[in-house]
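Before any comments, here is the structure.
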Amino acid sequence: MSTTTATDVQEIKIAHSPDSDDAFMFYGLATNKVRVPGYKFTHVLTDIETLNQRAIHDPYYDVTAISFHAYPYLQENYALMACGGSVGDGYGPMIVSPRKYTLDEVKKLKIAVPGTMTTAYLTLKLFAPDIETVTVPFDEIIPKVVSGEFDAGLIIHEGQLTYGDNGLHKILDMGVWWRDETGGLPLPLGGNAIRRSLGAESMKITTQALRDSIQHALDHRPAALEYAMQFARDLDPALANKFVGMYVNERTLNYGDDGRIAIQKLLDMGYERGVIPMKSKVDFID
Numbered sequence: 001m002s003t004t005t006a007t008d009v010q011e012i013k014i015a016h017s018p019d020s021d022d023a024f025m026f027y028g029l030a031t032n033k034v035r036v037p038g039y040k041f042t043h044v045l046t047d048i049e050t051l052n053q054r055a056i057h058d059p060y061y062d063v064t065a066i067s068f069h070a071y072p073y074l075q076e077n078y079a080l081m082a083c084g085g086s087v088g089d090g091y092g093p094m095i096v097s098p099r100k101y102t103l104d105e106v107k108k109l110k111i112a113v114p115g116t117m118t119t120a121y122l123t124l125k126l127f128a129p130d131i132e133t134v135t136v137p138f139d140e141i142i143p144k145v146v147s148g149e150f151d152a153g154l155i156i157h158e159g160q161l162t163y164g165d166n167g168l169h170k171i172l173d174m175g176v177w178w179r180d181e182t183g184g185l186p187l188p189l190g191g192n193a194i195r196r197s198l199g200a201e202s203m204k205i206t207t208q209a210l211r212d213s214i215q216h217a218l219d220h221r222p223a224a225l226e227y228a229m230q231f232a233r234d235l236d237p238a239l240a241n242k243f244v245g246m247y248v249n250e251r252t253l254n255y256g257d258d259g260r261i262a263i264q265k266l267l268d269m270g271y272e273r274g275v276i277p278m279k280s281k282v283d284f285i286d
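First residue of the sequence shown: 1, per full-length UniProt numbering; consecutive thereafter.
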């Protein structure tokens, strides 16, 4: 009878952002509620723009959260897991400002953005190709807009629910703009990429492990939410529950046909309009 020794265990290095939705998604794996014989999963938490750049320039992590905008730049070394995505169904990153602007006016402003590899930035450039932007850490955008350093900011993460507490107005929800622009498609924001050098079997097993972790969190929502609250950045439990529900749901288990179409369309439009310099072909690991 064979037994698994420590030397037989394959370590899978996972990197994701320190957000309540990602924490909720990885709850099962991070707390060993979901186990896979022969595999050990270790987790590193880093902001999404740093993960985008690391995956592009140094494909170190076996699994990494990425913005979909970054995928064309890293597609040689990574494929896309068919689960684990954050998709906005009629909602997404927002342009916010202390005062109200028309859409024509906002295109002439200087906008604080959370990083040039974020999907928020890609969508903004599809909306307004010539808009002037400055990269600011995502958690500093609202304070800098409130202080008047920038006319407006492009916000992601929990700021989508809390901007009004700071006296800011929503100028445009990019998820609404994208839905109208594409005839009803959801806006795919971020996903999880898996390193191709792991090989077909390990890629498939690891993808299933993430899907099981997501399902475990959905099935044990109170415990998973309690775990995720430590990453909720000043959200109360009700808002954290709402935020997690926006970005961890049935589409996180499976993008769906329209979700997969939306990912490819987003990247194709980015290429056709000159925002992305190369074509992309999204390979899904089911």
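Just so you know, even glycine gets a beta-carbon here, dropped at the ideal spot from N, CA and C.
The alpha helix (DSSP H) enclosing residue i, as first and last residue numbers
i	result
MET203	200-219
ASP180	174-182
LYS186	It is Pro, not Lys, that sits at residue 186 in the sequence shown. Careful: PRO186 lies outside any alpha helix (DSSP H) and carries neither H nor E.
PHE127	119-127
ALA55	48-57
ARG251	250-253
VAL74	Inspection of the sequence shows that residue 74 is occupied by Leu rather than by Val. 71-74 is the span of the alpha helix (DSSP H), which, as asked, contains LEU74.
LEU161	159-162
Cα-Cα separation, residue i to residue j
i	j	result
ASP219	MET25	11 angstroms
LYS265	GLY183	12 angstroms
MET278	PRO72	7 angstroms
ASP18	LEU45	The question names Asp, but residue 18 in the sequence shown is Pro. Rounded to the nearest angstrom, the two C-alpha atoms are 5 angstroms apart.
LEU239	GLU226	13 angstroms
VAL145	LEU267	29 angstroms
PHE138	ILE48	10 angstroms
PRO222	SER147	37 angstroms
VAL176	THR123	11 angstroms
GLY199	ASP62	11 angstroms
LEU29	VAL275	36 angstroms
LYS281	MET94	28 angstroms
ILE111	TYR39	44 angstroms
LEU235	LYS242	10 angstroms
LEU74	HIS57	8 angstroms
THR119	PRO129	14 angstroms
ILE263	MET174	15 angstroms
Three-state secondary structure assigned by DSSP to residue i
i	result
VAL87	strand
ASN32	coil
THR133	strand
ILE194	strand
GLY153	strand
ILE263	helix
residue 297	It is not possible to answer for residue 297, since the shown part of the chain is limited to 1 through 286.
THR64	strand
TYR101	coil
PHE26	coil
VAL244	helix
LYS279	coil
MET94	strand
LYS144	helix
SER2	Only weak support is given to the placement of SER2: the predicted model assigns it a pLDDT of 42, under 50, and the value that follows is read from those uncertain coordinates. Correct three-state label for SER2: coil.
Same chain, Cβ closer than 8 angstroms to residue i, five either side skipped, listed in chain order
i	result
THR252	MET25, CYS83, GLY84, GLY85, SER86, VAL87 and ILE214
THR42	GLU11, ILE12, LYS13 and ILE14
ILE261	LEU185
ILE285	ALA79, LEU80, MET81, ALA82, ILE194, MET203, LYS204 and THR207
SER97	VAL106, LEU109, VAL145, ASP151, ALA152, GLY153, LEU168, HIS169 and ILE171
THR31	TYR227
Cβ shell of residue i (< 6 angstroms), same chain only, five flanking positions each side left out
i	result
ARG233	GLU158
THR64	ALA15, LEU51, ALA55 and ALA193
TYR271	LYS279
ALA209	VAL36
LYS100	HIS169
ARG179	GLY90
Close beta carbons around residue i, own chain, < 7 angstroms, minus the five adjacent residues each side
i	result
THR135	VAL113, GLY115 and THR116
ARG211	CYS83 and LEU253
TYR166	Note on residue identity: the sequence assigns Asn, not Tyr, to residue 166. The residues are ILE142 and VAL146.
ARG196	ASN77, TYR78 and ALA79
VAL244	SER20, ASP21, PHE24, LEU225 and ALA228
THR102	none
Host beta strand (DSSP E) of residue i (start-end)
i	result
LYS13	10-16
ILE111	110-113
VAL44	39-45
Test: residue i CB closer than 7 angstroms to a CB of chain C
i	result
PRO72	Of the chains in the structure shown, none is chain C; there is only one protein chain.
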